[in-house]
Structure formats: structure tokens, C-alpha cells
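Numbering (mature numbering (1 follows the signal peptide of the UniProt record, and there is no 0)), first residue to last: -19 to -1, 1 to 228.
Positions of the beta carbon are idealized from the N, C-alpha and C atoms, including for glycine.
Below, the structure is given as C-alpha cells:
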């Protein structure tokens, strides 16, 4: 689960380093502007990470989580920013972590993810999730999933709200994400977004260890390696390739 009640505070424009076992849960995230980029940092009391915020859209993070640890860090744009989001970098993970474009809407309250890569757990592998189909965007195929969060933390406190997931069928690290195409796919599926808020290329670390070095706003050069996303659903025994209709 990414992002609880928002806590806004100013960060230095210079490179910052936050190294933690976090002493107490931060109820929200830290956001700041570095040039045109917004910065996010959120961690709970069990998180164990080192976060370095570089110039412009660059950041890096390494982690070795203990039981119950969870964090989200990233950089991105304020509401109304570019609809074509480029990024490049490295993402190496041993455990349950995600690399995604991530954000919220209000009226209605919705949490959404564009999953580019992940560790051992496909976020759509949930007994309560529903597939709405597939669509083409950003040089690949994405599955659209939705599940409800009931009495869960949100940017507006404890609430019940849907999560929308675009999960890339061939994982990669680096490229361009056209947010308009993803939002249009949600609309075709009957999944309604509200008023768009800030959005980020972020790393969520829930378990295990890993590292990432990401630059937002700079497209990759050369060929980006892709790997097939696992389709076996441990929460749905015996079901594979369960997201087939074309949106």
C-alpha cells in the first residue's frame, strides 16, 4: 500500500540523503520541488533503506527490509505535468518490490499504478482482483486489473476506494509511459478516474532487498531488456493467462 495521509514539507534543493531504520511511521510522504520535479518519500516504522535524491529527476535507493517494512520513494510531476513520462535506470530486486508510475485521483478517490517491473510478486495476483482486459501502449501490452481497498489508509485518511493496475506483460526498466493511453484504457473498461493529482516514477519495497538508480525525464539510450511477466496466480490456483479480452 502506497501513501497514507499527506505530510508536506520542504526539502533542500541540494542532494539529500535519508538513511533509516525509521523511528516512527511517517503518516504521509515528503514532497518537494527540485527544478520541475516533485519528490516523494514515505516509510513505515520497520523500513530499512538508504535514499539519495540527486539533481533534477535523478534518485537512487537501496534497501534490506525486515519483517513488516514498507517504503515508497520516487520523483515525478505535479498535477498537470507531462502526459508522456520518460525514465531510465536500473532496478535490481530480491523480494517483493515494484517499479511503477503511481498516483491518486479525487472525486472519486482512486489509487492507480502502471507497473513496469517487480520482484517476486505480481501485484495483480490477489484473490479480490478483477481483470478488465489488455491494451497496447508504450511499446508493449498491459493488463488492466482492479481491486477494492476497504477501510484502508489513503490520502484522505481511512477510506474505501478502488485500486487500478496496468501491469506490463513484459517487464522492463526504462522507456516512456503515455498516461493518456492508460487512462483511456481505464475509461473503456468502465473504471472512472477523478481529478488527477501528483504522479511519480516510484519504487515500493515491501520485503527482501534490492537497489534502484532511476532518472525521470530522460529516455533510455539503446535497447531496453525485457523479461516475460509471470502469469501463474498463486492466489487463484490453476489459473493462468486470466486477462485476455482486448480493450
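The beta strand (DSSP E) enclosing residue i, as first and last residue numbers
i, result
"residue 209", "207 to 209"
"residue 227", "Where residue 227 is concerned, there is no enclosing beta strand (DSSP E), given that its DSSP letter is neither H nor E."
"residue 31", "29 to 34"
"residue 53", "52 to 58"
"residue 200", "Premise fails: residue 200 is in no beta strand (DSSP E) and is neither H nor E."
"residue 157", "156 to 159"
Pairwise C-alpha distance: residue j and residue i
i, j, result
"residue 186", "residue 113", "26 Å"
"residue 159", "residue 42", "25 Å"
"residue 146", "residue 163", "10 Å"
"residue 8", "residue 107", "In this prediction, residue 8 scores a pLDDT of 36, lower than 50, which makes its location untrustworthy; the coordinate-derived value is nonetheless stated afterwards. If you take the alpha carbons of residue 8 and residue 107, they lie about 26 Å apart."
"residue 142", "residue 40", "30 Å"
"residue 209", "residue 67", "21 Å"
"residue 110", "residue 180", "23 Å"
"residue 195", "residue 152", "16 Å"
"residue 95", "residue 149", "8 Å"
"residue 24", "residue 224", "32 Å"
"residue 177", "residue 57", "13 Å"
"residue 227", "residue 122", "10 Å"
"residue 78", "residue 28", "13 Å"
"residue 12", "residue 171", "With a pLDDT of 45 at residue 12, under the threshold of 50, the predicted position of this residue should be treated as unreliable, and no value is reported."
"residue 85", "residue 102", "22 Å"
"residue 69", "residue 184", "13 Å"
"residue 64", "residue 98", "20 Å"
"residue 62", "residue 132", "30 Å"
"residue 193", "residue 71", "5 Å"
"residue 3", "residue 135", "In this prediction, residue 3 has a pLDDT of 37, which is less than 50 and means its spatial position is unreliable; nothing more can be read from the coordinates."
"residue 203", "residue 140", "44 Å"
"residue 36", "residue 205", "23 Å"
"residue 87", "residue 73", "33 Å"
"residue 22", "residue 53", "6 Å"
"residue 201", "residue 100", "21 Å"
"residue 182", "residue 30", "18 Å"
Spatially closest choice to residue i from the options, by CA coordinates
i, options, result
"residue 174", "153, 31, 25 and 127", "127"
"residue 234", "142, 84, 228 and 120", "Given a span of -19 to 228 for the chain in the structure shown, any question on residue 234 remains unanswerable."
"residue 55", "74, 48, 63 and 34", "34"
"residue 20", "94, 83, 70 and 49", "83"
"residue 80", "154, 189 and 227", "154"
"residue 92", "117, 137, 203 and 72", "137"
"residue 191", "125, 203 and 47", "47"
"residue 90", "144, 197 and 156", "144"
"residue 49", "131, 125 and 188", "188"
"residue 199", "157, 193, 124 and 72", "157"
"residue 105", "118, 117 and 124", "124"
"residue 75", "52, 45 and 60", "45"
"residue 116", "130, 22 and 168", "168"
"residue 60", "140, 17, 165 and 129", "17"
"residue 197", "87, 88, 161 and 38", "38"
"residue 26", "165, 51 and 36", "51"
"residue 165", "88, 118 and 73", "118"
Beta-ladder partner(s) of residue i, from DSSP
i, result
"residue 45", "190"
"residue 24", "52"
"residue 181", "57 and 83"
"residue 151", "209"
"residue 70", "195"
"residue 39", "196"
N-terminal and C-terminal residue of the alpha helix (DSSP H) that residue i is part of
i, result
"residue 173", "Here residue 173 belongs to no alpha helix (DSSP H), and DSSP marks it neither H nor E."
Subject >> Every unbroken beta strand (DSSP E) inside the region 73 to 144 [3 residues or more] >> reply: Assignment of beta strand (DSSP E) within the region 73 to 144, counting only whole runs of 3 or more residues, yields 91 to 99, 111 to 118 and 121 to 133 in chain order.
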